[in-house]
Amino acid sequence: MANRIPESFIAEVRQKVNIVDVIGQYTQLVKRGRQWTGSCPFHDDRHPSLFVEENKQVFNCFSCGRSGSVFSFVMEKEGMSYPEAIISLAESVDMQVDSQFVADATPRIDPKTQAIFDLQAAAQRLYQHILQHTTSGEAALHYLHDKRQLTDETIKQFGIGFVPDDNVLLQYAETQNISREIMLASDLFLSNDEGRLRDRFAGRVVWPIRSTNGQVVGFSGRTLDSKNSIKYMNSPESPFFNKGQILYNFDLAKGDIRKTGTAMIFEGFMDVISSEIAGRPAAVATMGTALTQDHVRQLTRLAKRILLVYDGDEAGQNAAKRSIHLIQAQKQDVDIGIVHLPDDLDPDEVRVQKGKEVLKQALDQNIQTPIAFLIQAARYNKNLSNQTQYLAFLGEVMTILQQATPVEQDMQLTRIANEFGTSKQALIEQLKQTPKRQSKETVNRTSQHFHQQSPQITDMEEPPLTGDEAAFSSNQQSTNQIEQAERALIMAMIKSPQVLEQVSDTTGFAFVHPEYQLLMMLIAIYQKQQAHFDLAQFMDFIQKPELNQRILAIDRTFGDLAVEPGAISDYLRIIMHDAPVEAQIKTLQQAIDVAKQQHDDNKLLQLTTELINIKKQRNK
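The sequence shown begins at 4 in this note's numbering and counts up by one.
Rendered as structure tokens:
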């Protein structure tokens with residue numbers, strides 16, 4: 004980086020970001036004593052082995068060994084650099100980030116990728132110019148004005164353009180001496196059997212698709228030819244265009260999402276634009292695919308509430324169901340609402356046919372809870388006047404209501420009783436008899452209910468160790484006396500610079516294990532830079548997973564112990580005197596085993612005598 008991010012800024016991010024909140028976006032955490040625990044998101048963790056210490060702002064997986072601060076977690080999980088992780092977390096808590104920090108933290112793009120991005124951006128500018136300022140774009144412009152009811156301002160805001168049939172982009176690329184390799188890699192062209200190139204989106208109105216930072220990475224095109232069976236065409240998947248990771252309009256909407264705390268997810272690009280026109284700009288759309296974990300992760304960093312605005316047909320309802328389950332599985336404390344639009348129209352149709360005020364009102368007021376939506380969806384394709392189908396419907400309803408709050412259970416049962424004339428008491432009895440179970444057809448709506456399902460252990464209690472944590476603890480106990488002394492001495496150095504100075508001045512001192520010698524050196528450098536020791540900050544300073552794992556183990560065992568002057572002398576004696584003796588003993592024991600196998604009685608007697616004498620000497 005040309006300019007380092009100031010330590011004061013990093014410290015402010017540490018203060019405002021809670022590691023439990025961040026990791027909780029990736030896995031469900033449950034409070035256990037002074038720690039939080041959950042399944043590690045870095046590997047297939049069937050027996051939760053991830054532990055998060057909120058007071059120290061560090062995490063550790065006892066199974067895969069990953070550990071560190073909130074910055075290292077984001078670096079590992081999102082594939083970010085240290086500066087990128089800092090900036091990402093700062094933005095997540097609404098901190099103002101200097102644009103120079105962002106520029107310096109942005110990874111260098113290789114020349115080929117940059118050339119592709121430059122061509123994508125040039126294509127968008129060219130397409131928009133053609134739409135708004137040439138005779139070739141007149142028909143497309145009339146289509147957008149008349150049928151879509153878009154103003155020139157809106158067209159410009161969203162970068163909409165038109166691609167004529169005369170290979171205008173190909174001509175541009177050739178005049179700019181853009182290589183054939185770059186043209187093919189951009190996916191803006193198609194090649195025939197003879198290898199000739201032509202514009203991929205010819206004859207189509209195009210919407211640019213941008214990355215989170217606003218870089219054009221692809222297009223979606225709609226044909227104006229009613230005879231063309233391929234109504235919509237998207238850029239193909241590529242290293243820079245991944246539909247499962249990109250949300251349409253996220254770059255423009257993220258500021259409003261952060262400000263309002265609400266994100267609206269639509270099915271189509273025009274739905275998003277209609278929402279903007281209606282005064283609700285916190286809108287994104289999936290790229291013709293189902294909602295993914297990456298999508299949810301992006302949105303829940305900024306939003307505490309997600310509204311699903313899907314079409315009212317069967318496909319839209321099924322998409323809403325999948326999205327509800329996905330969001331709930333990934334982020335339990337996010338509020339979910341499902342917007343019901345009038346006459347089962349899509350959002351763009353509501354705006355065009357009924358006006359933007361009607362759409363605005365629907366987005367603001369016609370919001371169902373997941374429970375209400377799932378119950379309504381259970382009606383689909385059922386003739387509820389048929390007794391068999393009505394009973395099947397009730398069975399689905401009861402399963403859904405098992406996850407509802409008592410208030411919502413009462414509301415829904417009252418509504419069903421009034422609508423169908425069924426005794427409410429009978430419905431209550433059926434609900435009681437429905438076995439409670441977690442399934443893909445159920446949903447937990449409130450964070451309050453979630454926490455009720457997960458009883459916490461108070462800080463006054465220390466739960467018994469289980470699974471990988473117990474194994475780790477056992478391993479700690481089996482660590483020999485010498486390594487225990489090394490670890491205790493490391494912790495004493497961390498707590499007291501005077502101890503570090505004392506050890507450094509001790510003639511002939513060296514740790515038996517090289518990793519502790521390295522830690523000693525790093526502690527010395529860190530203490531010269533920082534007035535106070537902070538575990539999370541030190542782990543960021545190290546940025547070596549194996550050493551971070553080691554330092555966490557040391558802190559876990561010796562972090563609460565006071566530094567006793569007499570103990571330091573004992574640690575030094577064990578390391579400097581006992582360690583060589585222990586090495587001798589180990590060597591002799593191995594030689595004795597060999598003598599036994601060879602039935603060499605004379606050698607065995609000699610070695611055993613040496614071993615006894617060394618042990619006597621050690622114990623004096």
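Where a beta carbon is used, it is the ideal one built from N, C-alpha and C, also for glycine. Remember, predicted model here, so these are calculated numbers, not experimental data.
Where residue i falls, given that 16 or more other Cβ within 10 Å makes a residue buried
| i | result |
| --- | --- |
| residue 29 | buried |
| residue 373 | buried |
| residue 386 | exposed |
| residue 553 | buried |
| residue 7 | exposed |
| residue 207 | buried |
| residue 507 | exposed |
| residue 451 | Note that residue 451 scores a pLDDT of 35, beneath 50, so its modelled location is shaky; the value from the coordinates is reported in the next line. By the neighbour-count rule (16 or more Cβ atoms within 10 Å), residue 451 is not buried but exposed. |
| residue 466 | Residue confidence is low: residue 466 scores 43 on pLDDT, short of 50, so the model does not pin down where it sits. Its coordinate-derived value is still stated next. Exposed is the call here. |
| residue 489 | buried |
| residue 306 | buried |
| residue 411 | buried |
| residue 604 | exposed |
Endpoints, the alpha helix (DSSP H) within which residue i is located
| i | result |
| --- | --- |
| residue 568 | 568-576 |
| residue 422 | 409-423 |
| residue 238 | Run containing residue 238: none; DSSP gives neither H nor E here. |
| residue 2 | The structure shown has nothing for residue 2, since the chain only spans 4 to 623. |
| residue 339 | Where residue 339 is concerned, there is no enclosing alpha helix (DSSP H), although the beta strand (DSSP E) it sits in stretches over 338-342. |
| residue 8 | First-last for residue 8: undefined, no H or E at that position. |
| residue 545 | 538-545 |
| residue 427 | 427-436 |
| residue 24 | 22-26 |
| residue 274 | 272-280 |
| residue 199 | Per DSSP, residue 199 belongs to no alpha helix (DSSP H) and is neither H nor E. |
| residue 553 | 548-561 |
| residue 233 | Here residue 233 belongs to no alpha helix (DSSP H), and DSSP marks it neither H nor E. |
C-beta contact flag for residue i and residue j at 8 Å
| i | j | result |
| --- | --- | --- |
| residue 189 | residue 167 | no |
| residue 493 | residue 524 | no |
| residue 595 | residue 612 | no |
| residue 232 | residue 222 | no |
| residue 301 | residue 250 | yes |
| residue 62 | residue 74 | no |
| residue 225 | residue 219 | no |
| residue 400 | residue 375 | no |
| residue 149 | residue 135 | no |
| residue 337 | residue 303 | yes |
| residue 70 | residue 548 | yes |
| residue 209 | residue 164 | yes |
| residue 366 | residue 283 | yes |
| residue 286 | residue 278 | yes |
| residue 146 | residue 227 | yes |
| residue 25 | residue 98 | no |
| residue 39 | residue 55 | yes |
| residue 31 | residue 335 | yes |
| residue 339 | residue 485 | no |
| residue 170 | residue 196 | no |
| residue 276 | residue 311 | no |
Residue of the options minimising C-alpha distance to residue i
| i | options | result |
| --- | --- | --- |
| residue 198 | 206, 209, 208, 186 | 186 |
| residue 245 | 217, 297, 202, 272 | 297 |
| residue 18 | 37, 556, 93 | 93 |
| residue 116 | 200, 279, 52, 243 | 243 |
| residue 102 | 87, 361, 309, 114 | 87 |
| residue 313 | 350, 55, 336, 304 | 350 |
| residue 539 | 26, 531, 320, 551 | 551 |
| residue 371 | 602, 354, 405, 415 | 415 |
| residue 126 | 273, 50, 428, 172 | 172 |
| residue 133 | 159, 112, 335 | 159 |
| residue 182 | 394, 119, 170, 364 | 119 |
| residue 205 | 161, 129, 274 | 129 |
| residue 211 | 162, 253, 240, 174 | 162 |
| residue 497 | 557, 515, 512, 439 | 557 |
Segment limits, beta strand (DSSP E) that includes residue i
| i | result |
| --- | --- |
| residue 63 | 61-64 |
| residue 222 | 219-226 |
| residue 91 | It is not in any beta strand (DSSP E) - residue 91 instead sits in the alpha helix (DSSP H) that spans 85-95. |
| residue 75 | Here residue 75 belongs to no beta strand (DSSP E); instead the alpha helix (DSSP H) covers 73-81. |
| residue 56 | 53-56 |
| residue 115 | Counting along the chain, residue 115 falls outside any beta strand (DSSP E), though it belongs to the alpha helix (DSSP H) covering 114-136. |
| residue 100 | Per DSSP, residue 100 belongs to no beta strand (DSSP E) and is neither H nor E. |
Completely contained alpha helix (DSSP H) runs for the region 147-183, where each covers 4 or more residues | 155-160, 171-178
Continuous alpha helix (DSSP H) assignments of at least 4 residues falling wholly in the region 369-407 | 373-381, 390-404
Report the residue ranges of all alpha helix (DSSP H) runs contained in full by the region 301-355; include only those spanning at least 4 residues, in chain order.
-> 317-333
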